[in-house]
Structure formats: C-alpha cells, structure tokens
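Remarks on the structure that follows.
There are 2 protein chains.
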Amino acid sequence: MTLSFSLLSTAGSARRGRIETAHGTIETPVFMPVGTAATVKAMRPEDVASTGAQIILGNTYHLMLRPTAELIERHGGLHKFMNWPGPILTDSGGFQVMSLTELRKMTEEGVRFRSHIDGSYHMLTPERSIEIQHMLDATITMAFDECTPYPATHEQAADSMRLSMRWAKRSKDAFRAREGYGLFGIVQGSVFPDLREESAAALKDIGFEGYAIGGLAVGEGQAQMFEALGFTTPHLPQDKPRYLMGVGRPSDIVGAVARGIDMFDCVMPTRSGRTAQAFTREGELNLRNAKHADDPAPLDTGCSCPACRSYSRAYLRHLVKAEEILGMMLLTWHNLQFYQDLMTALREVIAAGDDLSGDPQAIVQRLLPPV
Amino acid sequence: MTLSFSLLSTAGSARRGRIETAHGTIETPVFMPVGTAATVKAMRPEDVASTGAQIILGNTYHLMLRPTAELIERHGGLHKFMNWPGPILTDSGGFQVMSLTELRKMTEEGVRFRSHIDGSYHMLTPERSIEIQHMLDATITMAFDECTPYPATHEQAADSMRLSMRWAKRSKDAFRAREGYGLFGIVQGSVFPDLREESAAALKDIGFEGYAIGGLAVGEGQAQMFEALGFTTPHLPQDKPRYLMGVGRPSDIVGAVARGIDMFDCVMPTRSGRTAQAFTREGELNLRNAKHADDPAPLDTGCSCPACRSYSRAYLRHLVKAEEILGMMLLTWHNLQFYQDLMTALREVIAAGDDLSGDPQAIVQRLLPPV
Chain A
1 MTLSFSLLST AGSARRGRIE TAHGTIETPV FMPVGTAATV KAMRPEDVAS TGAQIILGNT
61 YHLMLRPTAE LIERHGGLHK FMNWPGPILT DSGGFQVMSL TELRKMTEEG VRFRSHIDGS
121 YHMLTPERSI EIQHMLDATI TMAFDECTPY PATHEQAADS MRLSMRWAKR SKDAFRAREG
181 YGLFGIVQGS VFPDLREESA AALKDIGFEG YAIGGLAVGE GQAQMFEALG FTTPHLPQDK
241 PRYLMGVGRP SDIVGAVARG IDMFDCVMPT RSGRTAQAFT REGELNLRNA KHADDPAPLD
301 TGCSCPACRS YSRAYLRHLV KAEEILGMML LTWHNLQFYQ DLMTALREVI AAGDDLSGDP
361 QAIVQRLLPP V
Chain B
1 MTLSFSLLST AGSARRGRIE TAHGTIETPV FMPVGTAATV KAMRPEDVAS TGAQIILGNT
61 YHLMLRPTAE LIERHGGLHK FMNWPGPILT DSGGFQVMSL TELRKMTEEG VRFRSHIDGS
121 YHMLTPERSI EIQHMLDATI TMAFDECTPY PATHEQAADS MRLSMRWAKR SKDAFRAREG
181 YGLFGIVQGS VFPDLREESA AALKDIGFEG YAIGGLAVGE GQAQMFEALG FTTPHLPQDK
241 PRYLMGVGRP SDIVGAVARG IDMFDCVMPT RSGRTAQAFT REGELNLRNA KHADDPAPLD
301 TGCSCPACRS YSRAYLRHLV KAEEILGMML LTWHNLQFYQ DLMTALREVI AAGDDLSGDP
361 QAIVQRLLPP V
C-alpha cells in the first residue's frame, strides 16, 4: 500500500508520529532540507544525512527544466541520480512557476510559462506535474496547486482555492499509487477560516496520504500564520501527516508544531549558510561582523557538527571575508545540524508530554540552551 | 634538530625518499595541494587528507594581508587555525607580490607594495617574510626570493639571481631553527646553465634543509623546463629534498621526478575542479561538454573518490551546468585524488627500480591506465 502514518503520541495539539515509506522511516515532526536542483547546496548527501535529516525536498520546476525529468528517469530516478537513497518529497512546481517566471498564463488547464534559464516555453498542468514527479520517483508527490498570493480578497482567495481543489482532483486521478509512496493534497484559502475549512473538506473528500497547508509564510507574519493554523488543523484528519510548506524560522517551526504540524521545509538554513548567517544556541550570528574576527570560540559550543567541532569563529569569519567555498560548506552544515537538533528536541519533549505552549522563541532557547 | 630527509632508493635520477617533520612524515615524491587562504578551496581538510595528501601549501602573501599572520599566530598557528595537523609549507610571498600587485617597488631591502584587497601599503623583506612564516608556524619555510621573469637576458637573470642569493643569506640569518622544522633555499638563474650552477653553489654555501627550483613553469614550455632541470639538479645535494615550485600537469610531474625532483605544488587540480575540468585515466575531460549530459558512467572508473564512487558523469555535468557548489566540491576532490594516485604510483615504481625514462605523458597513462 501507499506510505503509512502512525500517530505515536500527542501533547496538546502537538504530535509525535512516524511515516513509513518505500525509502525509509521518517520520525515526525520533521524538517526537510531543500535540495532544489538535485543537491542540497554545498553539501554532500552523506553529510546531509549525518545531521539527522531523514527526507529532503526536490523542486519540480527546476528539475523539469534542468536536467529534465526525462533524463533523471533514465538515470534511475532522483534518489539514484543525486545519491540520496532516503525519502524525497517533490513540490508540484505550482509555487515556483508563479514566483520565478515573468511570462506565464494561467488557465483552467494549467500554467504556460517561459523557462528562466533559456526562455523556452513549457506547460505545467496537474497531469504533467504528477507525471514529472513520477519520473523523478518522488516518495511523496504534491498535488498541483496555485499558491494564492497574499494579500487576497475573500473572492480572489475563494476562486484561487477552488481552482486548486479542481486541480487536486485531477492530481489524484493522475497519480499512480505505489507501495510506500504517497500523494499529498494542499489546503489553500489564504487567511479566511471558511475557505480553509472548505478546502480541507474538499481534499478529504478526494482522499490523500497527507495534507499540506499552502499559502502561508508569504508575508502575513507569524501571528497571523499561527492563527491560520489554529483554524485550519482542526479540519484535517488526525491520522494523516500534516505539512506546512516553506516554513520557516526556528520559532515558526516550534509554534506550528504546537499547533499540530508534522512536516516542514525551508531554504533558510541552507541559504543563510551561504550568506554568512548562522543559527546558534546563542541566537543568530552574522559571521561578517567584525566582532567575530578574533574570537577563538566555536560557532556554537553546544553543537556537534564539524564547523563547531574543529574551527573557531575567527576562522569561519576569515573564510566568509575571503569568500571561500569552505565557509559556505561549513555554515550550511552547521545550520542544518541546528535545525535537526531542534527537531530531535521537539520529538523528545512531545513524547514526554510537553505541549509546547508559550512563546515559541523562548521554547527554542529552552530546547537548545546556550552551553 | 631540523627536519630530516632520507633517500630510500633511486632509479636513474628518480628518487624515492622520506621527510620527517615536526608535523609528520612525508613520503616523496610528493604533491602538495595548494591552500592559499588557509583552505584548500572547496575541500574540508579531513577530505584533503583522505586523498593521500601528506602536506599542503599556504601562501604568505595572502595570509599576511588577510586574516594576517599576527591573527593566525594568536590562534595557535596555521595548523590549528585551519584544522590541518599535518605538515605545511609556506611560500615566501616573493612570487605573489610580483604577480598579484600592480604598484610595487623592489629595492635591495625588499619589496614595497599595495594590497590587492584594500590598497594598503606593506613591505616584504627576507626578514619580514621569515618572521611571517614563523608566526604561521610553517613546517617548511621558503627563503624570500625574486622569481625571475621569463624571458630574461643573461644579465637580467644574473642580477635577479644574485639579489635572490643575498636575500637567501638574509633569510637563513632570520630563520629560527626548531625541531622538525626547516628552511628551503630557491635556485634561480632562468634557463642559463651557468647561472643555475652559480645559484645552487651559493645556496649550498649558506646551507638549507631543502632546495627548491624557482623560475620555471613560467612560460618556457615543458621541453625547456626539463632541460633546465637536467642541468640544475646535478648541482643540488643528494641528501636534501628538491622542490620544483608551481609544477604542474601530470606529465610535467612525471618528467621532473625522472630528473630527480621530490616535491611539487600546483593549483591545477583544485582550480580545474572549480572550472569543470577533470583529470581522469581516460584523459582530461571538460564536464561542460554536452557529450557527458546523458552518460551514466562514473567520471573515472579506476578512481575510488566519492565523485567517482557515487555519481554519474551526467549528474556531475548537471551540477556544473547549474553552477552548483557541489560540482566544484566533487571535481576538486576527484582531481586531488587523481594527483595523489599518480604520486603513489610514482613512489611504487621508483622503489621497484623504474627510472621513468620515456615520454612522460605515456608514463602517466601507464601508471594510471583506463579500467
């Protein structure tokens, strides 16, 4: 059968769960590093796994354009192509085709657009997106949807959400179920409770292996995002995983876990690592800052990653200032380790009965205290 | 005492030797990866070591400007700062100050120049260069010299060489000998046999732990370089290591080893790795080439490095085309592995009595045959 989810324990709305897939087990709550172009940038996949990452994300939009899904399929699928044997979730391309392309035309059928790489014309439809994700051999396939722009009027949000629901049905019809694989639907509806409820109901009628929440973390702010989660998750099935797309900062993740979310992805740890930003138990650090220039301390005394084990802040800052690739490699590694350490701590405290109520930033500091 | 050299065996002019240093043993002939700015670009030092590298090179010019030798000394020296516990050779800065700076003034005293980073003024003299290398904690310190430009008249080459010999004496006087450390002199004299002989004699009079040959691989071509080695190495002591600076391609190394050289450094494997060029048992490959786009074969079937073990040429080409950092990481790793595999093979065949006579490119292919 398709992939399966077990809810192991709950604490308030927070959930400790497990997803069994064709490519391995995923303990939830889980953070998925982003591997847009068949690589988690500046990391070898073995090293991504060493941080505790259990599943990574691939981007349909990027991969369909380069090197193409057809090429990846000929080379045995994305797992083999990029040397990541574990689970992979691919997005549908819907978000990126709207955010990365200038010339595009959306119709009931789908979205016609020009490649940002070479200007060539392409069409993404629910059927084509599902076919691409099948060729990529995605463990978890996402339904094709429109990520409703923010802000949107109730009417705009309703129209957009209902289009996504018709596309969700077409995605389901196009999906070829396989043992240990699954298809997730995506709840839309912007910040409107009635639309989120309507969307969740529509998706449940279709039936998916998991339910994502889309259209958040698009500028509405943490408070409104948490509010939207509060009136959305009660309409989602208890016995399926829930995925908050594109989120987020550590405190976003903690607050969302407290509201019943199981899965996350975000470019923040990897992108920050390439731009000299580090997440640490002492807070976020900018390694360009001159105050680190002569600091012999490790980046994060409580961290076990190679960047923290073997180097000083002074050295890491030197690498950043000299624009050395090793600086990006080490800071990316550290940030991914920090995120995975946070997820490990979250899984432990939920299992112990902590409902994670309270200020999420304070909880981050409680879970990962300065040494 | 200072570092020591043992000549283990010879085959014709080729030498199999061993250098014992304060930071470990170096089996020769040896190739030293270049770690200009306190990092072998795009590599973790553990991974550099895993290729078989025994010693790396650091650049005095770059390090004195950023992060400064004083900072590195405060942080325990270059070994600790960059997490490379093994031997490190630092150049004197003489070559780079002439090749990288626009505004410079050379006098008997030394070279005054402006930083290519921030335009600040600096002075390098034999005494200052040796002091900087001491602060860096270089296992092998190089005497400060002028790399004679090519081509040069006999008079120009003689004047330049004799200045370098006076600087070599000042370098020796400034060097503080320590257990397991050493100072190398540098033979100059361009392509003139009498000047090379005079330079070697002058250096032997001063006395060094090793003898480098400078001023080659600067545009004279392989044939003339080999010819210059042929009339230079007979004037060097048999019982000290010989280092050909800035060389080279695999065939350059083979031909130089056949002519009695023990040590090499070159940016070629690392720089090529960052520009999609790979050294393989099937020859040099450009991974940008479209013919690799759909090739499921490993980069080099005979190679044990991660790039060759876990990925296809198609994947590596995809990384290169998408300008992914992982592409530079993997190709750099492979090229360093290829160079170290070549050195391992050279050490084995010399020990077995092979004098490496014949076409050096053919010998490369014999030592590292296609699988």
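Protein chains in written order, with the working numbering: chain A, 1 to 371; chain B, 1 to 371. Heads up, the beta-carbon is just placed ideally off N, CA and C, and yes, glycines get one too. Computed from a predicted model, the values in this text were never measured in an experiment.
#1: Could you check what DSSP says for residue 275 of chain A in three-state terms: helix, strand or coil?
#2: Enumerate, from N- to C-terminal direction, the unbroken alpha helix (DSSP H) stretches of 4 or more residues contained entirely within the stretch 68 to 109 of chain B.
#3: For residue 14 of chain A, which three-state DSSP category applies?
#4: Going straight from the alpha carbon of residue 32 of chain A to that of residue 65 of chain A, what length do you get?
#5: Got a sec, what are the start and stop residues for the alpha helix (DSSP H) residue 327 of chain B sits in?
#6: Using DSSP bridges, identify the partner residues of residue 39 of chain A.
#7: Count the other C-beta atoms from every protein chain shown that fall within 10 angstroms of the C-beta of residue 311 of chain B, then say buried if there are 16 or more, exposed otherwise.
#8: Residues of chain A with CB under 9 Å from residue 328 of chain B, in chain order?
#9: Assign residue 148 of chain A to one of three DSSP states: helix, strand, or coil.
#10: Any residues in the stretch 280 to 302 of chain A with a beta carbon nearer than 8 Å to a beta carbon of chain B? Which ones, in chain order?
#11: Closer than 7 Å by beta-carbon distance: list the chain A residues that pair up with residue 83 of chain B, in chain order.
#12: Answer yes or no: do residue 41 of chain B and residue 275 of chain B have a C-beta to C-beta separation smaller than 8 Å?
#13: So, is the C-beta of residue 315 of chain A closer than 8 Å to a C-beta in chain B?
#14: Mind checking if residue 319 of chain B is an interface residue toward chain A, Cβ cutoff 8 Å exclusive?
#15: Pop quiz: residue 92 of chain A and residue 175 of chain A are said to be a contact at Cβ under 8 Å. What is the actual Cβ separation, rounded to whole angstroms?
#16: CA-CA distance, residue 75 of chain B and residue 257 of chain A?
#17: What are the start and end residues of the beta strand (DSSP E) that includes residue 56 of chain B?
#18: Quick one: complete alpha helix (DSSP H) runs, 4+ long, within the stretch 173 to 245 of chain A?
#19: Would residue 71 of chain A pass as an interface residue toward chain B - the criterion being a Cβ-Cβ separation below 8 Å?
#20: Nearest chain B C-beta to residue 276 of chain A closer than 8 Å, yes or no?
#21: Between the stretch 13 to 32 of chain A and the stretch 306 to 320 of chain A, are three or more C-beta pairs nearer than 8 Å?
#22: Does the stretch 41 to 52 of chain A touch the stretch 94 to 114 of chain A, meaning 3 or more C-beta pairs lie closer than 8 Å?
#23: Do the stretch 129 to 137 of chain B and the stretch 164 to 180 of chain B make contact, defined as three or more Cβ pairs closer than 8 Å?
#24: Buried or exposed for residue 154 of chain A, going by 16 or more other Cβ atoms inside 10 Å?
#25: Under the rule that 16 or more other beta-carbon atoms within 10 Å means buried, what is residue 43 of chain A, buried or exposed?
#26: For a contact defined as C-beta to C-beta under 8 Å, what are the partners of residue 42 of chain A on chain B?
#27: Would residue 211 of chain B pass as a contact of residue 3 of chain B if the rule is Cβ separation under 8 Å?
#28: Give a yes or no on whether the C-beta atoms belonging to residue 314 of chain A and residue 294 of chain A are separated by under 8 Å.
#29: Any beta carbon of chain B sitting closer than 8 Å to that of residue 66 of chain A?
#30: Do residue 77 of chain A and residue 124 of chain A have their C-beta atoms closer together than 8 Å?
#31: Less than 6 Å between C-beta atoms, sequence neighbours within five positions excluded: which residues of the same chain meet that for residue 335 of chain A?
#32: With a cut-off of 8 Å, does the C-beta of residue 116 of chain B fall near any C-beta of chain A?
#33: How is the beta strand (DSSP E) around residue 142 of chain B delimited, first residue to last?
#34: Tell me where the alpha helix (DSSP H) around residue 255 of chain A begins and ends.
#35: Please compile the residues from chain A whose C-beta is within a distance smaller than 8 Å of the C-beta of residue 90 of chain B.
#36: Can you name the residues of chain A whose CB is closer than 7 Å to the CB of residue 39 of chain B?
Considering the structure as presented:
#1: As a first step, residue 275 of chain A must be located in the first sequence, where it is residue number 275. Of the three classes helix, strand and coil, the one that applies to residue 275 of chain A here is coil, per DSSP.
#2: 69 to 74, 78 to 82 and 94 to 100
#3: Working through the first sequence from its first residue, we reach residue 14 of chain A at position 14. DSSP places residue 14 of chain A in strand when its eight states are reduced to three.
#4: For this step, residue 32 of chain A is matched to residue 32 along the first sequence. For this step, residue 65 of chain A is matched to residue 65 along the first sequence. Using only the alpha carbons, I get a separation of about 22 Å.
#5: On the second sequence, position 327 is the one that residue 327 of chain B refers to. Start and end: 325 to 351.
#6: The residue given as residue 39 of chain A occupies position 39 in the first sequence. Note: residue 39 of chain A sits in no beta bridge, so no partner.
#7: Counting from one through the second sequence, the residue named residue 311 of chain B turns up at place 311. Buried, because 16 or more other Cβ atoms sit within 10 Å of the Cβ of residue 311 of chain B.
#8: Along the second sequence, one-based indexing puts residue 328 of chain B at 328. Result: 325.
#9: Position 148 of the first sequence holds residue 148 of chain A. Here residue 148 of chain A sits in coil by DSSP.
#10: 293, 294 and 296
#11: Numbered from 1 along the second sequence, position 83 holds the residue referred to as residue 83 of chain B. Near residue 83 of chain B (Cβ distances below 7 Å), the residues of chain A are 310 and 311.
#12: The residue given as residue 41 of chain B occupies position 41 in the second sequence. The residue given as residue 275 of chain B occupies position 275 in the second sequence. Contact: no.
#13: Here residue 315 of chain A corresponds to residue number 315 of the first sequence, with the count starting at 1. Chain B contact via Cβ: present.
#14: Walking along the second sequence from the start, residue 319 of chain B turns up at place 319. Yes, residue 319 of chain B counts as interfacial toward chain A.
#15: Against the first sequence, residue 92 of chain A aligns to sequence position 92. Against the first sequence, residue 175 of chain A aligns to sequence position 175. 11 Å between Cβ atoms; not a contact.
#16: The count along the second sequence starts at 1 and reaches residue 75 of chain B at position 75. The count along the first sequence starts at 1 and reaches residue 257 of chain A at position 257. Answer to the nearest angstrom: the Cα atoms are 42 Å apart.
#17: In the second sequence, counting from the first residue as 1, residue 56 of chain B sits at position 56. That run of the beta strand (DSSP E) goes 56 to 58.
#18: 193 to 206 and 222 to 232
#19: Indexing the first sequence from 1 puts residue 71 of chain A at position 71. It does; some Cβ of chain B falls within 8 Å.
#20: In the first sequence, counting from the first residue as 1, residue 276 of chain A sits at position 276. It does not; no Cβ of chain B falls within 8 Å.
#21: no
#22: no
#23: yes
#24: What you label residue 154 of chain A is simply residue 154 of the first sequence in a count that begins at 1. Residue 154 of chain A should be labelled exposed.
#25: Against the first sequence, residue 43 of chain A aligns to sequence position 43. That one is buried.
#26: One-based indexing of the first sequence puts residue 42 of chain A at position 42. Ordered by position in chain B, the residues that pass the 8 Å Cβ test against residue 42 of chain A are 325, 326 and 329.
#27: On the second sequence, position 211 is the one that residue 211 of chain B refers to. On the second sequence, position 3 is the one that residue 3 of chain B refers to. Taking 8 Å as the Cβ cut-off, residue 211 of chain B and residue 3 of chain B do not qualify as a contacting pair.
#28: If you number the first sequence from 1, residue 314 of chain A lands on position 314. If you number the first sequence from 1, residue 294 of chain A lands on position 294. Yes; because the gap between Cβ atoms is below 8 Å, this pair is in contact.
#29: As a working mapping, residue 66 of chain A is identified with position 66 in the first sequence. So yes, residue 66 of chain A belongs to the interface.
#30: Position 77 of the first sequence, counting from 1, holds the residue named residue 77 of chain A. Position 124 of the first sequence, counting from 1, holds the residue named residue 124 of chain A. Not in contact: residue 77 of chain A and residue 124 of chain A (Cβ atoms no closer than 8 Å).
#31: Within the first sequence, residue 335 of chain A is the residue found at index 335, counting from 1. If we look at residue 335 of chain A and ignore the five residues flanking it on each side, its Cβ neighbours are 269, 272, 273 and 279.
#32: Residue numbering aside, residue 116 of chain B sits at position 116 when the second sequence is read from its first letter. So no, residue 116 of chain B is outside the interface.
#33: Your numbering for residue 142 of chain B matches position 142 in the second sequence. Per DSSP, residue 142 of chain B belongs to the beta strand (DSSP E) from 140 to 142.
#34: Reading the first sequence from its first residue, position 255 is the one you call residue 255 of chain A. From DSSP, the alpha helix (DSSP H) with residue 255 of chain A extends over 250 to 258.
#35: Locating residue 90 of chain B in the second sequence gives position 90, counting from the first residue. Those do not exist, as residue 90 of chain B stays about 16 Å from chain A at its closest Cβ, beyond 8 Å.
#36: Against the second sequence, residue 39 of chain B aligns to sequence position 39. The answer, in chain order, is 319, 324 and 326.
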